[in-house]
Amino acid sequence: AKIGTHHAELVLQALNSWGVLPDDIDVIASHGQTIYHAPTRLHGHTGYPNATLQIGDADHIAIKTGIITISDFRQKHIAAGGEGAPLALYGDVLLGSKPGENRILLNIGGIANLTWLPAKKSGAVICTDIGPGNTLIDAACKKYFDKPYDEDSRIALSGKINNELLQTLLNHPFFGENLPKTTGPELFNLTYVEQAQQAANVHNIEPNNLVTTLSAFTAKSIATLIKLNCVGTDIQLFASGGGAQNPFVMRALKEDLHDISIQNTDAIGINPDAKEAILFALLANEALVGEPIEISGNPAVLMGKFSFPG
34 AKIGTHHAEL VLQALNSWGV LPDDIDVIAS HGQTIYHAPT RLHGHTGYPN
84 ATLQIGDADH IAIKTGIITI SDFRQKHIAA GGEGAPLALY GDVLLGSKPG
134 ENRILLNIGG IANLTWLPAK KSGAVICTDI GPGNTLIDAA CKKYFDKPYD
184 EDSRIALSGK INNELLQTLL NHPFFGENLP KTTGPELFNL TYVEQAQQAA
234 NVHNIEPNNL VTTLSAFTAK SIATLIKLNC VGTDIQLFAS GGGAQNPFVM
284 RALKEDLHDI SIQNTDAIGI NPDAKEAILF ALLANEALVG EPIEISGNPA
334 VLMGKFSFPG
């Protein structure tokens, strides 16, 4: 309830700053705050379904804003046979594809995910999580530098990559699993980093070198998946999310993927800081008009639950 109330307050503050009345808004799409995400292959309990949980109750948002609110999008995907993520495919195809062009839409949030949109209609579209985006970098910055993130890559640019640790991080079994797949901080967290340090016999690493290595880990895991699965000529990559503003990560990607044109999504008219919000607004719109969505080969369903203000 508290988080839902806070989200409602943020919505009202935003509308006020934009000079928009709540009555002029058709619907709010509320993803909520993910506190747990564990597909069956991660939680390991045979006979139990994929699991995900987002908090921030939509009834509180609807009542306090007076606006119909659609939420809890991921549960329907799980009920229809999916893992609850990633859900970017529908919006990426609708907003990001262009006939005759090979495109990658890369989002680097806490977890990095991408959608591969091949030029040929006969080509296989891919929508999958990749691995850690900002989550490990941010966690290390908070623990060792009391900073929420590595602004302008200042910490990463001051350190050196520890190649032994980097290779050990990249050896995680997740990276060998078939696509599509999902993951989260339940798997990629500082406990995992500490275990990798032990396995690599890397002790007492300087904090700035750790942030540098984790930044390289994010870039390398993204580049590796792209090289293996996104095959074509004249590929264009459009990046979004907080990681798209990380100079170290983006420079490393451009060096590793030198045959691919890399830009932010604003090059195709999508604010890179708002792409995920736009995608969930699309899901809410389709639910509102009764248009089922098929994602990753699962049955077409209406995504989300409705909360009414009265």
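In our numbering, the protein residues as written are 34 to 343.
We treat Cβ as the ideally placed atom computed from N, Cα and C, and that holds for glycine.
DSSP places S191 in the helix class (H, G or I) of the three-state scheme.
Scanning its chain for C-beta atoms nearer than 6 Å, with the 5 sequence neighbours on each side dropped, one finds around T73 the residues N83, in chain order.
Runs of the alpha helix (DSSP H) spanning 4 or more residues and lying entirely within the stretch 232 to 300 occur at 240 to 262 and 280 to 289, in chain order. For the pair of segments examined, the stretch 315 to 333 was found to touch the stretch 122 to 141: the number of CB pairs separated by less than 8 Å reaches three. DSSP lists I88 as the bridge partner or partners of Q66. By the CB criterion at 7 Å, V282 and G276 fall inside the cutoff. In the displayed model, A145 falls within a strand according to three-state DSSP. For F339, no alpha helix (DSSP H) encloses it; the enclosing beta strand (DSSP E) starts and ends at K338 to S340.
Uninterrupted beta strand (DSSP E) stretches at least 3 residues long and entirely within the stretch 41 to 65 occur at 61 to 63, given in chain order. Taking the Cα of L270 as reference, the smallest distance to any Cα among G166, N237, T298 and L261 is reached at T298.
The residues Q269, L270, F271 and A272, in chain order, have a CB closer than 8 Å to that of Q296 in the same chain once the five nearest residues on each side in sequence are set aside. If you draw a straight line from the Cα of I111 to the Cα of S191, it is about 43 Å long.
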